[in-house]
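A quick write-up on the structure given underneath.
In my numbering, the protein residues as written are 5 to 125.
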């Protein structure tokens with residue numbers, strides 16, 4: 005019995021891979037009226053955003069089971085970018101922008117903008 009359980013446990017723990025974002029992506033909003041396009045740099049659980057007005061923003065990445073959230077730092081503390089965790093391996097990631105202070109019960113229900121993250125090679 006122990007010869008069956010030990011390989012099963014080894015297979016279970018080795019098959020779980022932690023996906024993380026690394027590298028640089030071009031940030032393109034669908035409606036860039038209030039938000040600026042720019043370049044975003046990912047390193048495991050932190051990111052930095054370089055916008056066209058020489059403005060640099062830093063924030064954290066929260067990896068969930070189905071959704072990944074980019075939470076802003078000082079300037080955009082109420083803005084959250086969310087996208088599917090399955091899309092991390094792709095070159096183009098579609099994302100939604102949410103406002104934490106939007107006045108709704110669950111701020112993830114209402115999207116105020118959307119766009120794409122395009123991998124820079």
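Think of the CB as a built atom: it goes at the ideal place given N, C-alpha and C, for glycine as much as any other residue.
Check: Residue(s) in a DSSP beta bridge with residue 119; Outcome: 33 and 99
Check: For residue 43: DSSP bridge partner residues; Outcome: 30 and 54
Check: Inter-residue spacing [alpha-carbon to alpha-carbon] between residue 9 and residue 68; Outcome: 29 Å
Check: Pairwise C-alpha distance: residue 121 and residue 90; Outcome: 14 Å
Check: Closest by C-alpha distance to residue 98, when choosing among 105, 118, 110 and 84; Outcome: 118
Check: Residues of its chain near residue 71, where Cβ-Cβ distance is below 6 Å and the 5 sequence neighbours each way are ignored; Outcome: 86
Check: Cβ neighbours of residue 114 in the same chain (closer than 8 Å, five flanking residues each side left out); Outcome: 102, 103, 106 and 108
Check: Residues near residue 32 in its chain [Cβ-Cβ closer than 6 Å; skip 5 each side]; Outcome: 41, 119 and 120
Check: Own chain partners of residue 83 with C-beta closer than 7 Å, once the 5 adjacent residues on each side are dropped; Outcome: 76, 101 and 103
Check: Buried versus exposed call for residue 25 [16 or more other C-beta atoms within 10 Å across all chains shown]; Outcome: buried
Check: For residue 71: DSSP bridge partner residues; Outcome: 88
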